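Some notes on the structure that comes next.
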Amino acid sequence: MPTATKTLIDSYYAAFNAGQSQAMLDVLTTDVVHDINQGAREIGREKFARFLDHMNIAYRERLTDIVVMTSADGSRAAAEFVVHGEYLRTDPGLPAAHGQRYVLPAGAFFEIRDGLIARVSNYYNLEDWLKQVGAT
């Protein structure tokens, strides 16, 4: 079971890096819980799809150095990775975007149910990101 979970998370991140939002959505439960870094909790695949659409407009990101760890029973997983990004369009409440590039360590926690991702909780250092994009 841990192998299946690792394969699931690997496919989620492969879809992310390929810019294939639908492939990411396909590995989520319909009632997926999404904990946005230092933000709200959203529930549902439709809200996750809107989040991805927004992110694809404001940011261009690629993940490297992805390491996936799973619980013995495969019901939980964690991933550590490095985000290489470009800030393309100003996100409300954040500094103005003008193509700033950033490199940011990040991580995520997952809950797995019936072979699909039922929760994604993402974490990164917002203060580090703000410094990198030139916030004062």
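The sequence shown begins at 1 in the UniProt record's numbering and counts up by one.
In this text, a Cβ means the ideal position worked out from N, Cα and C, and glycines have one as well.
Since this is a predicted model, take the numbers as computed values, not measurements.
Short Cβ contact (8 Å threshold) for Asn122 with Ile36: Residue mapping note: residue 122 aligns to position 122 of the sequence shown, counting from 1. Residue mapping note: residue 36 aligns to position 36 of the sequence shown, counting from 1. Yes, they are a contact pair.
By DSSP's criteria, Tyr12 is part of a beta bridge. Which residues make up the other side? As a position in the sequence shown, residue 12 is number 12, starting the count at 1. Answer is none; Tyr12 lacks a bridge partner.
Considering just the uninterrupted stretch of the alpha helix (DSSP H) at Leu130, what are its terminal residues? Translated into positions along the sequence shown, residue 130 becomes position 130. Leu126 to Gln132 is the span of the alpha helix (DSSP H), which, as asked, contains Leu130.
So, is Arg119 buried or exposed, given that buried needs 16 or more other C-beta atoms within 10 angstroms? Reading the sequence shown from its first residue, position 119 is the one you call residue 119. Its Cβ being crowded by 16 or more others within 10 Å, Arg119 is buried.
Provide the residue span of the alpha helix (DSSP H) that contains Asp26, from first to last. Residue 26 sits at position 26 when you count from the first residue of the sequence shown. Run containing Asp26: Ser21 to Asp26, per the alpha helix (DSSP H) assignment.
May I have the straight-line CA-CA distance separating Glu111 from Arg41, to the nearest angstrom? Reading the sequence shown from its first residue, position 111 is the one you call residue 111. Reading the sequence shown from its first residue, position 41 is the one you call residue 41. The alpha-carbon separation between Glu111 and Arg41 amounts to approximately 14 Å.
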